[in-house]
Structures are given as C-alpha cells and as structure tokens.
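Below is one structure, written out as structure tokens; comments come after it.
There are 2 protein chains.
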Amino acid sequence: MNVDIGNALGSVASPGISRAALEHLDEQVADAHERIERGMANGEHGYEALNLPERTDPDKIRAAVEPVADCDALVTVGIGGSALGAATIVDALEERGDGTETVFLDNVDPEWVTAHLEALPLEATAINVVSRSGTTAETLANFLVVREAFESAGVDWTERTIVTTGESGPLRDLVDRHDLPSLTVPDGVPGRYAALSAVGLVAAAVCGHDLEAILEGAAAERETLSGSLFDCPAYAYGATAYALDQRGAGTNAMVPYAESLETYAEWFAQLWAESLGKDDLGQTPVRALGVTDQHSQLQLYRAGPRDKLVTFVRPLEAPDREIPATEVDDLSYLGDATLGELLDAEFEATEASLAAASRPNVRIELECVDADEIGSLLYGMEAACVLAGELYGVDTFEQPAVEWAKKATRGLLGGGEFEEANAVTEKTTLRVDH
Amino acid sequence: MNVDIGNALGSVASPGISRAALEHLDEQVADAHERIERGMANGEHGYEALNLPERTDPDKIRAAVEPVADCDALVTVGIGGSALGAATIVDALEERGDGTETVFLDNVDPEWVTAHLEALPLEATAINVVSRSGTTAETLANFLVVREAFESAGVDWTERTIVTTGESGPLRDLVDRHDLPSLTVPDGVPGRYAALSAVGLVAAAVCGHDLEAILEGAAAERETLSGSLFDCPAYAYGATAYALDQRGAGTNAMVPYAESLETYAEWFAQLWAESLGKDDLGQTPVRALGVTDQHSQLQLYRAGPRDKLVTFVRPLEAPDREIPATEVDDLSYLGDATLGELLDAEFEATEASLAAASRPNVRIELECVDADEIGSLLYGMEAACVLAGELYGVDTFEQPAVEWAKKATRGLLGGGEFEEANAVTEKTTLRVDH
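Sequence lines, in order, name chains A and B.
With the working numbering, letter number 49 in the first sequence gets 295, and the count goes up by one each step, no holes.
With the working numbering, letter number 348 in the second sequence gets 594, and the count goes up by one each step, no holes.
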C-alpha cells in the first residue's frame with residue numbers, strides 16, 4: 247500500500263502537522279520501531295502478530311478444510327476478532343472466489359440467527375467455529391444452535407465442521423471427542439490481529455482464495471517496516487493518525503472507495519478501538535463508505551467540529567462499466583463517462599473539498615483489490631496500529647475494559663456469582679414514556 | 247418509543263447533566279417547541295417534515311406500485327436520503343414482509359453494480375428510482391445502467407419502473423414521456439426527513455408492509471411533542487444529546503440491540519450528521535450494533551476518551567430461540583437460557599458496564615420491531631434532531647458543505663466549468679510508497 251499524508255500537513259489542514267513536527271516525531275518512530283522489532287524477534291505477546299506472514303502454514307489450513315472444500319455455503323460462528331478478519335478477506339475477494347456463500351453469525355439476535363439457518367442449504371453447508379478460549383458465550387450459544395439445526399435436518403455436523411481454537415478448552419475437547427479437523431489460534435496473537443492466521447484464513451481457503459498470495463502481500467509490507475515514517479507507508483499512517491489525534495482529531499473516519507472494502511472498515515474499527523482505546527486515550531474510528539456517505543456524512547466532515555481525520559482507501563484499478571448515453575441534455579456528461587470514472591471523480595472531489603476546508607485527510611492507495619493487496623492492507627494497518635500504540639504508550643494488545651460486561655452477563659444468566667451482575671439491577675432511571 | 251436518560255445524569259456519568267441544568271434546559275426546550283410548532287403550522291421548509299404522518303397518502307403510494315406488486319425483487323436507485331429511509335423500513339420489517347428481495351443501489355462501484363444486476367431476476371424485478379432534482383449524478387448514472395441492463399435482457403423497463411421525483415426535472419420529463427407511475431417528493435422536506443413520504447414508503451409498499459401502521463406510529467409520536475422534555479420522549483433524547491455534546495460528548499454512538507435495526511443506525515447517522523454538522527458544531531454519529539460491537543468498540547467506549555454518548559435502542563419483545571443444552575460443564579448455564587435472554591443480559595451488562603465507568607448512555611425502548619414502532623422511532627428521532635438543531639441554533643434543514651464536491655465532480659467529468667475542479671489538481675502530496 248502507498249500512503250499520501252500531504253493533506254494532513256499543517257500547510258493544508260487545521261489540525262495538521264508541520265513538516266518540522268513530523269521530523270521530530272520520526273525520532274520517536276525510530277525508537278518505537280526498535281521496540282517493535284525486538285518484540286517480534288522475541289515472540290512477545292502481541293508483537294508476534296507481525297510475524298504471522300512467515301509463521302502461518304497455508305498447507306495446514308487447506309488440509310483442514312479439504313473435507314468441506316466442495317460446500318456451497320460456509321457459516322462462520324465467531325465474534326469480534328474471530329469473525330472480522332475472515333469476513334474482511336472473503337468480502338473483499340468475493341467476486342474472485344469460487345462462489346461459496348458466506349455467512350457470519352457474529353450476533354445472537356434470535357430472529358436473525360433463525361432466518362440465516364432457514365435460508366442455508368444445510369446439507370451443503372460447512373461450519374467454521376472460531377473461539378480461542380472455547381467459552382465465548384455468543385459463539386458457543388450460536389454453535390449449539392447451529393449444531394442442533396443440522397441434527398434436526400438430518401445432516402451430520404461432525405462431517406462438516408472445522409474448529410479453530412486454543413490448545414485447550416471446551417472446543418478443543420469437542421475436537422478430540424468427535425475427531426474434527428481443527429486448527430490452533432496462534433499464541434501471542436490477540437483476536438483482532440489474527441486475520442493472517444487460521445482465524446482469518448479458514449473462510450478464505452473454503453472460498454478458494456489464494457492463501458499464499460495473501461501472506462505474500464503481508465510479507466512484502468513487513469519488508470517495508472523501518473526506522474523512519476518517511477520510508478514506511480504503515481508507519482507514515484500510524485504516526486500521522488497519532489499526531490493528528492494529539493492535535494485535536496480525536497475521530498478517524500475510514501472511508502474506502504470500493505464496496506468490497508466495506509467490511510475492511512469494520513475490521514479497522516475494531517483494530518483501532520480495542521488497541522488504542524484505553525487510559526482515556528485513543529482515536530475513535532468511524533466506518534463510512536464512498537461515495538454513499540458523501541450523501542450522509544460529508545456535511546459534518548467538512549463543516550462540523552475540527553476533530554476529524556478522514557482516511558480514504560482507494561484501489562487504483564478495478565473493473566469498470568460504461569454509463570449509457572442519454573437523451574437528456576443536463577445529464578449528457580454522464581454518458582461520456584464510466585461508473586469508474588464517476589467514482590474516481592467523486593473521490594478526488596471529496597478529498598479536495600475537505601482540503602479546501604482545511605480538514606485533514608490521508609489517502610491510502612492499493613494497486614487493486616486482490617489477495618496480495620488485501621494481505622498488504624491488513625498487515626500494514628496492523629503495523630500502523632502497533633506503532634500508534636507505542637507512541638500513545640498504551641497496552642496495545644490488551645482489552646481489559648470488556649471483562650466487566652462479560653462477568654455481568656454470565657452472572658445474570660446464572661453462570662456463577664459475579665458482583666458485576668448486581669450493579670445491573672441498581673440502574674438510575676429517568677424515564678420519559680410515550 | 248420510551249426514553250430513559252437516567253445514565254446521562256451528572257450523578258452517574260461524566261460528562262453528565264445535572265437535574266438542575268436539565269430543568270434549566272427545559273425552558274429552552276419550551277421556546278424551541280414553540281418555534282417548531284409555528285414552523286409546522288406554517289409549512290415552513292424542513293418543519294414540514296414533521297407534518298408528514300398526516301400529509302402522506304398511502305392509497306396514492308399503493309396505486310403507484312400496483313403494476314409491480316407481484317414482483318420478486320425491487321431495486322431502489324437512490325442515494326443518501328433517497329435510499330436510507332426506505333432501506334431502514336424494509337430492513338427492519340424484512341421478516342414480516344412478503345419476501346420481496348430488496349436491493350439498494352446507493353453507490354456507483356462498477357463491480358458491485360454489475361454483480362447486483364447479474365444476480366437479479368430482471369424479468370421479475372421492479373425499479374424504484376428516487377431523486378428530488380432528477381439530476382443526482384450517482385442515481386442517474388445507475389438508472390441509465392439499470393435501464394440498459396433491462397433492455398439487454400429483453401425486459402421492458404417502462405412496465406416495471408416507479409419514479410419518485412420533484413415537480414420538474416429530467417426524471418419528471420421521463421415520467422411524462424413514458425407515462426410511468428410516479429410520486430412526488432413533498433415540498434419543504436429535505437431528503438433525510440423524507441422517510442415517511444413516498445421517498446421512504448414506495449419500497450415498503452412493494453414489500454407488502456402496512457403503510458397505515460407506519461404512519462399511525464409516527465402520528466402517535468407527533469402527539470407527544472410538547473413544551474417539556476420531561477413529557478416528550480423525542481425531546482428528552484434531543485435535549486440530552488445536545489446537553490452532553492455541550493459538556494464534551496462530541497460523539498454519539500447509536501447501538502441497536504437488534505439486527506433488524508442495523509440500517510436504522512445508518513439512517514440516524516445521516517440525520518444527525520447532515521442536520522447538525524455545521525458552523526464547526528454538531529455531534530458525530532457512530533453506528534454500531536449490539537452485541538457484535540461489544541467485541542469491537544466497547545473497550546474504547548468504556549476506557550477511551552470521555553467524549554461519547556452511547557445510545558442504546560432495544561425492542562422489548564422479539565421472537566426467541568432456545569439454546570440447546572450442552573454436555574460441557576463450563577457452558578451449562580447457556581443451555582438453561584434462550585438466545586433472547588443472552589441478548590438481553592448482554593445489553594443490560596453493557597449498559598451497566600458503561601455506567602459503572604461513569605460513561606453517559608441513554609436507553610431507547612421500543613415495544614417490538616413492527617410497522618407501528620418503526621414509524622414511531624423514525625418520527626421520534628426526526629423530532630429529536632429538529633429540537634437539537636434549535637438548541638444548537640444551526641440551519642438544521644440545509645447541507646451547504648456538500649455542494650463543493652458536487653461541483654468539482656461535475657467539472658472533472660466535463661459537465662461544465664467549475665473552478666472547484668481546478669483545486670483537485672493542485673493537491674499537496676507527501677507520498678510514502680511501498
């Protein structure tokens with residue numbers, strides 16, 4: 247990926263970062279890079295994620311999915327980092343896959359789960375269940391529901407299930423009991439950094455995507471990691487986002503100009519929020535989509551509070567389609583263009599309209615949306631986030647604030663004694679009823 | 247809808263609003279309500295939107311869609327306010343409809359448009375094209391593409407197209423030329439406030455939804471509008487959001503706990519952003535989804551910067567599904583519950599976990615997700631937004647900041663001379679290339 251931070255400079259934008267401040271920040275980047283390289287070399291928790299391109303074995307993943315390679319549909323049961331990386335890859339590459347329908351059960355809404363199960367051809371559907379601990383309430387509840395639906399339909403779920411989990415736990419026990427094909431969530435890699443392991447690649451393998459190309463794209467991005475943001479696109483992005491947050495841009499709107507990258511923006515939102523959102527710090531990610539959200543969010547981005555960085559992601563090449571000529575005078579300019587030219591013009595106009603209003607923005611360019619480039623994008627943004635975490639000085643790879651609600655949930659459902667559950671009943675209310 | 251602002255009080259949250267400040271704010275609400283009622287009575291631009299429940303004629307909409315009532319699929323060609331209201335309604339009510347497949351072409355990504363057109367059964371598909379001006383570049387380009395696809399497939403598009411547009415313009419000319427069924431975008435109603443007119447209801451009518459129930463739900467909410475936030479759920483919400491923004495909560499995360507309301511959060515994001523995002527003011531909407539985003543954004547919401555209001559939307563009743571019992575000890579508590587109970591426990595735990603960390607949040611309750619309640623929700627949030635606009639003192643019903651990019655786009659495509667197009671070529675760059 248290439249990164250252009252020109253519109254984040256102080257000469258263009260407010261907030262913006264001056265050339266001098268950027269050079270100063272680059273000294274911190276050099277220090278942070280040393281820590282990152284050391285963490286990677288020592289296989290430290292979290293940093294190990296940046297070693298995945300060389301550690302992940304695509305043959306092992308393909309072997310595990312081989313029994314279901316001919317399925318028509320794949321239902322992935324997982325949530326958060328156990329779903330978003332996989333969904334990002336298969337959604338990005340959907341038009342290049344073998345046509346396998348993919349469904350991600352990443353919510354426990356009963357009506358929605360039922361609707362999905364009723365629509366799936368179960369006898370030709372594979373199950374991809376993903377949970378490191380094997381105890382994630384939403385994932386295990388959904389898995390129990392899915393398993394029963396298969397049984398009710400007379401389909402042997404043990405012949406159609408692939409498990410990705412830790413070395414031990416309820417899902418690992420299940421693997422042993424039923425001799426299921428399984429893969430292991432790599433040690434030292436938090437869920438949101440696991441897209442380039444089995445966690446993110448099982449679904450891609452089932453859909454027939456080129457795992458080697460994804461990993462090679464990531465490995466090529468790893469080669470760019472260096473001690474200067476001026477030489478490394480990932481660090482240029484991470485450092486710029488950090489510097490702008492420091493200067494007041496507490497919001498980071500991620501705006502891909504490709505429908506295939508809509509899920510990527512969701513993946514980015516988790517990466518950024520869970521990694522950096524701690525100690526009252528962290529930039530708030532907002533996911534948007536070009537051109538759609540020009541007609542929804544652009545007014546705010548251009549004329550609202552000066553607290554936003556807008557990050558554009560743009561593939562340079564994509565399939566195109568002619569706009570047919572029209573007899574209507576006022577619209578004849580459209581008939582001379584293609585949809586792709588319209589999309590490009592809208593992108594450039596939107597970027598320029600923000601710059602003209604002194605609103606900082608960054609452009610990330612991909613050659614196209616393919617396996618190689620998606621590997622590069624995912625790795626690059628992970629490295630950007632790890633660098634930003636070093637600059638903020640936060641504990642990038644933990645997410646302690648979500649534990650409270652997990653305990654309260656469990657307590658409320660009678661899964662043990664948790665004082666957090668008591669707090670739920672003490673809610674302060676001020677109701678205004680219809 | 248019912249609103250509970252207890253967790254936004256200063257006694258719970260920081261930022262929060264004290265009871266005393268709320269009573270003081272209520273005097274401003276009374277003044278704002280008078281202006282709103284006056285605007286409605288005089289049919290003033292924008293305020294007229296709040297009269298839609300009594301002005302919209304469901305019979306006229308049903309008559310217009312009658313020729314295509316038996317279609318299997320409906321493709322809506324529109325963007326922003328011309329798509330989001332309609333999408334919100336049909337997505338919310340999907341499980342209650344007649345099974346018509348709905349597609350919204352609200353982007354010009356060529357690969358994505360082509361994929362949709364190839365997947366649709368064109369001979370059984372109706373077209374719903376929506377643009378007030380009849381010149382919106384994305385909508386007209388897509389309509390030209392769709393029309394040609396129908397022609398290429400030997401399907402007469404003039405027999406399958408419904409147009410919703412203004413009194414004049416290219417789409418109105420098209421209606422006259424081909425004698426197409428058509429509806430009129432009501433005067434004085436900006437797109438983002440048009441869900442309860444033909445703009446939002448054509449798709450619902452094609453899908454067999456109860457238009458009267460939607461409008462009755464909205465009308466019932468209109469009845470609650472009064473001079474005090476303590477008597478009016480919509481104003482309670484709008485005033486609280488405004489007060490929290492004033493106190494530092496510049497971000498408003500909209501988090502429905504129902505998959506069927508995922509699109510509603512998108513609609514809300516446009517409403518809030520385009521209405522209030524001006525003069526360097528306005529709260530930034532963030533769309534999220536419970537429980538999914540507990541595993542993505544909760545860490546940030548609970549432990550990141552204290553700049554967020556979290557708004558939960560929760561239906562009190564919904565279809566449910568048992569979680570099958572399991573042999574695994576550690577998970578046996580799940581087998582005693584339903585998915586709905588798990589969802590409820592997760593909601594209550596998340597709400598309490600934010601309150602326990604002094605993070606402000608508001609709960610909006612619906613009886614269920616049905617036609618009546620969705621009408622109530624849309625109207626209520628529109629009224630909340632109009633009230634907030636009065637409190638901010640901004641021009642709620644305009645969106646001047648999007649004009650610049652529209653002109654630049656047109657100039658770039660050779661649709662006339664626009665100086666904005668020249669600014670695009672003068673971009674400042676600082677590239678870091680792979």
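Ideal Cβ placement from N, Cα and C applies to all residues, glycine included.
Since the model is a prediction, treat every value here as computed from it, not as a measurement.
Local Cβ density within 10 Å of residue i, reported as buried at 16 or more and exposed below that
i: B:P416; result: buried
i: B:H455; result: buried
i: B:G614; result: Looking at the sequence provided, one finds Cys at residue 614 of chain B rather than Gly. Classification of B:C614: exposed, given that the 10 Å Cβ count is below 16.
i: A:R567; result: buried
i: B:D305; result: exposed
i: A:R423; result: exposed
i: B:A716; result: The structure shown does not extend to residue 716 of chain B, since chain B spans only 247 to 680, so no value can be given for it.
i: B:D425; result: exposed
i: A:E280; result: exposed
i: A:G326; result: buried
i: B:D355; result: buried
i: A:R406; result: buried
i: B:H362; result: buried
i: B:H541; result: buried
i: B:A383; result: buried
i: B:D590; result: buried
Beta carbon proximity, residue i to chain A, threshold 8 Å
i: B:C478; result: yes
i: B:M500; result: no
i: B:V445; result: no
i: B:P416; result: yes
i: B:I688; result: This structure cannot settle anything about residue 688 of chain B, because the visible part of chain B is limited to 247 through 680.
i: B:R677; result: yes
i: B:L368; result: no
i: B:I373; result: no
i: B:I460; result: no
i: B:T642; result: no
i: B:G639; result: no
Beta-bridge partners of residue i, as assigned by DSSP
i: B:T530; result: B:T497
i: B:L623; result: Looking at the DSSP assignment, B:L623 forms no beta bridge with any residue, so it has no partner.
i: A:L429; result: A:T410
i: A:N253; result: Per DSSP, none; premise fails for A:N253.
i: B:R284; result: Paired residues: none, contrary to the question.
i: B:P561; result: B:L612
i: A:N374; result: A:T322 and A:I408
i: B:V678; result: A:V249
Residue-chain proximity (residue i, chain B), Cβ-Cβ < 8 Å
i: A:L298; result: no
i: A:G484; result: no
i: A:E619; result: no
i: A:T655; result: yes
i: A:A383; result: yes
i: A:V431; result: no
i: A:A487; result: no
i: A:H680; result: yes
For residue i, three-class secondary structure by DSSP
i: A:K653; result: helix
i: B:T381; result: coil
i: B:N353; result: coil
i: B:L420; result: helix
i: A:L320; result: strand
i: A:A278; result: helix
i: A:I307; result: helix
i: B:I263; result: strand
i: B:E467; result: helix
i: B:G596; result: At residue 596 of chain B the sequence reads Thr, which differs from the Gly that was named. It is helical.
i: B:E568; result: strand
Cβ of residue i within 8 Å of any chain C Cβ
i: B:W403; result: In the displayed structure, chain C is absent; the protein chains listed are A and B.
* Compile a chain-ordered list of the residues in the region 556-579 of chain B whose CB is closer than 7 Å to at least one CB of chain A. => A564, P565, D566, R567, I569, P570, T572, V574, D576, L577 and Y579
* What residues in the region 343-361 of chain B have a beta carbon less than 8 Å from any beta carbon of chain A? -> For the region 343-361 of chain B, which is checked against every Cβ of chain A, the residues closer than 8 Å are D352, N353, V354, D355, P356, E357, W358, V359, T360 and A361.
* Taking any Cβ of chain B, which residues in the region 265-288 of chain A have a Cβ under 9 Å from it, in chain order? -> R265 and L268
* **Members of the region 541-554 of chain B that neighbour chain A once the beta carbon cut-off is set at 9 Å** => If the cut-off is 9 Å between Cβ atoms, the region 541-554 of chain B has H541, S542, Q543, L544, Q545, L546, Y547, R548, A549, G550, P551, R552, D553 and K554 near chain A.
* Asked: Between the region 304-333 of chain A and chain B, which residues of the former have CB atoms less than 9 Å from a CB of the latter, in chain order?
  -> I325, G326, G327, S328, A329 and L330
* Asked: Along the region 592-615 of chain B, what residues have a CB closer than 8 Å to any CB found in chain A?
  -> E592, E594, A595, T596, E597, A598, S599, A601, A602 and A603
* Return the residues of the region 655-670 of chain B that lie within a Cβ-Cβ distance of less than 9 Å from chain A, sorted by chain order. => T655, R656, G657, L658, L659, G660, G661, G662, E666, A667, A669 and V670
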